[in-house]
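Working notes, beginning with the structure itself.
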Amino acid sequence: MTTRPTAGEIVAITTTDSEPLLLVCRQTDEHVTGILLADLATETLQRLRASEPDTATRQQLAQAIGRTNELLSFTVPLTECALVERDSSRPDPFEGGDA
Numbered sequence: 000m001t002t003r004p005t006a007g008e009i010v011a012i013t014t015t016d017s018e019p020l021l022l023v024c025r026q027t028d029e030h031v032t033g034i035l036l037a038d039l040a041t042e043t044l045q046r047l048r049a050s051e052p053d054t055a056t057r058q059q060l061a062q063a064i065g066r067t068n069e070l071l072s073f074t075v076p077l078t079e080c081a082l083v084e085r086d087s088s089r090p091d092p093f094e095g096g097d098a
């Protein structure tokens, strides 16, 4: 079975020309829901960058961001996601793209 992105990982939406980056907040067997990095405040982006590769901190940050009402979340099929950033403990590509 191919691994799936988890909260705190960053994926690109492959069905758009610009491949916008999405911070994964939650996932199901077939979909990924997250927040576009372009919609995040500068301070939040700095905290996200500083937390790499601390997976637990990234997951907490993604969950907190996902709970905010001001940000628009996107849900896309898992097959339309490609990995941008890889946690060192997850060596295989996601179903939607290559590492």
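Quick note: the sequence shown, position 79, residue 78 per numbering that gives the first Met the number 0, numbers continuous. Where a beta carbon is used, it is the ideal one built from N, C-alpha and C, also for glycine. These figures come from a predicted structure and were not determined experimentally.
Once the 5 residues before and after Glu18 are set aside, which same chain residues still bring their CB inside 8 Å of it? As a first step, residue 18 must be located in the sequence shown, where it is residue number 19. Within the same chain, Ala11, Ile12, Ala81 come within 8 Å of Glu18 by CB-CB distance, once the 5 residues on both sides are set aside.
For a test of the three-state rule: what should DSSP assign to Gly99, helix, strand or coil? The question about residue 99 has no answer here: the residues shown for the chain are numbered 0 through 98.
Return the chain-ordered ranges of every beta strand (DSSP E) run that is complete within the segment 13–97 and spans a minimum of 3 residues. Runs of the beta strand (DSSP E) inside the segment 13–97: 20–26, 30–35, 72–76, 80–82.
Assuming Ser50 and Leu39 form a contact by the criterion Cβ under 8 Å, report the distance between their Cβ atoms to the nearest whole angstrom. Translated into the one-based positions of the sequence shown, residue 50 becomes position 51. Translated into the one-based positions of the sequence shown, residue 39 becomes position 40. Ser50 to Leu39, Cβ: 13 Å. No contact.
Starting from the Cα of Leu71, find the closest Cα among Glu8, Thr14, Ala37, Thr41 and give me that residue. The count along the sequence shown starts at 1 and reaches residue 71 at position 72. When each option's Cα is compared against that of Leu71, the closest is Ala37.
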